[in-house]
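Numbering (this note's numbering), first residue to last: 1 to 340.
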């Protein structure tokens, strides 16, 4: 029995050793096969330098690239508005009419002032120019002159000429001749002073008339450009301020060219440093969930504006497409692709 037990123990030990070697061999085989497969899957390539890209997600506002605010140059009350917001208009279209009565009265007064100034000038210049030799004025012409200064100037010139002739014949004293000369020279100075005053008065009257005429013309408000009326923020009967003087003027309407739109994004001073002109932008609008449209950064404001203690820079994004649902002031989502 003892011999049989020893034989069984030896056989069992040999079996365990054989099994262990078999297991190690299989494990080694599997390891080698796995390494071969791994080497087949892994491919190597040469390392190159690249840029990391980051997307800035911002809110944008759609704006027309070209828009014009229409203002009146004169003060007045609106008596007629000819278009509503959304209307398409041409350059020269009449947008509004202000009350004309006051400006018509001013033009009439300016016309009368101009007429009086012209008569004064004509009275001093019967030949259309300054009189240098009043002796040529005939009595008939003198009777028609309006300005007494010219009449006196002519009379004193004639008297002085006669006194010189009489003095040459020893008919008057030297003092009498001097008195005649001084009287003539005084009238000459008075005449030329009157000419200067009349010239200035005529020029001022012409300017006032031209201004009154222009003011009356400016009561009819016309659009300087063609486009779509995006805003008409006034009503008939409303008083408006003109752009003259120190007033910025009341906006009567805004006209925009909707064929070319852009998106405006406001970035803080941290993010704006990452953005460069030409960066691609992908935009979308909440109301058009499945539509994306492309753009690129076109302009970055050179200076910022402080808003709630944060410096904000405005960035203009040019849109590559003009989609039919674009409306001014729409809010869009803008993904700006920038380099790190």
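Glycine included, every Cβ here is placed at the ideal spot set by N, Cα and C.
For residue j and residue i, the rounded distance between their alpha carbons
i: residue 264; j: residue 94; result: 31 angstroms
i: residue 86; j: residue 230; result: 6 angstroms
i: residue 303; j: residue 313; result: 7 angstroms
i: residue 236; j: residue 330; result: 28 angstroms
i: residue 68; j: residue 223; result: 9 angstroms
i: residue 293; j: residue 61; result: 14 angstroms
i: residue 171; j: residue 189; result: 28 angstroms
i: residue 275; j: residue 335; result: 12 angstroms
i: residue 82; j: residue 96; result: 6 angstroms
i: residue 100; j: residue 301; result: 43 angstroms
Burial state of residue i (16 or more Cβ within 10 Å)
i: residue 176; result: exposed
i: residue 72; result: buried
i: residue 74; result: buried
i: residue 168; result: exposed
i: residue 109; result: exposed
i: residue 156; result: buried
i: residue 421; result: Residue coverage of the chain in this structure runs from 1 to 340, which leaves residue 421 outside it and unanswerable.
i: residue 221; result: buried
i: residue 266; result: buried
Simplified DSSP state of residue i, which is helix, strand or coil
i: residue 242; result: coil
i: residue 229; result: strand
i: residue 124; result: helix
i: residue 164; result: helix
i: residue 199; result: helix
i: residue 74; result: coil
i: residue 218; result: coil
i: residue 336; result: strand
i: residue 187; result: helix
i: residue 136; result: Because residue 136 carries a pLDDT of 48, less than 50, the predicted location of this residue cannot be relied on, and no value is offered for it.
i: residue 320; result: coil
i: residue 275; result: coil
i: residue 268; result: strand
i: residue 294; result: strand
i: residue 179; result: helix
Cβ-Cβ separation, residue j to residue i (assumed contact under 8 angstroms), whole Å
i: residue 328; j: residue 253; result: The pair is not a contact, with the Cβ atoms about 14 angstroms apart (cut-off 8 angstroms).
i: residue 191; j: residue 151; result: Between residue 151 and residue 191 the Cβ distance is about 10 angstroms, and since that is not below 8 angstroms, they are no contact.
i: residue 317; j: residue 297; result: 6 angstroms
i: residue 333; j: residue 59; result: 7 angstroms
i: residue 226; j: residue 90; result: 5 angstroms
i: residue 239; j: residue 77; result: 5 angstroms
i: residue 181; j: residue 153; result: At roughly 14 angstroms, the Cβ-Cβ gap does not stay under 8 angstroms, so residue 181 and residue 153 are not in contact.
i: residue 56; j: residue 338; result: 6 angstroms
i: residue 228; j: residue 88; result: 5 angstroms
Residue i Cβ short of 7 angstroms to the ligand GTP heavy atom set
i: residue 235; result: The model depicted lacks the ligand GTP and carries no ligand whatsoever.
Segment contact flag, the segment 200-217 with the segment 173-189, C-beta cutoff 8 angstroms, min 3 pairs: no
Stretch-stretch touch, CB-based, cutoff 8 angstroms, three pairs: the segment 281-290 with the segment 314-327: yes
Touch test, the segment 115-122 against the segment 233-249, Cβ-Cβ under 8 angstroms, three pairs minimum: no
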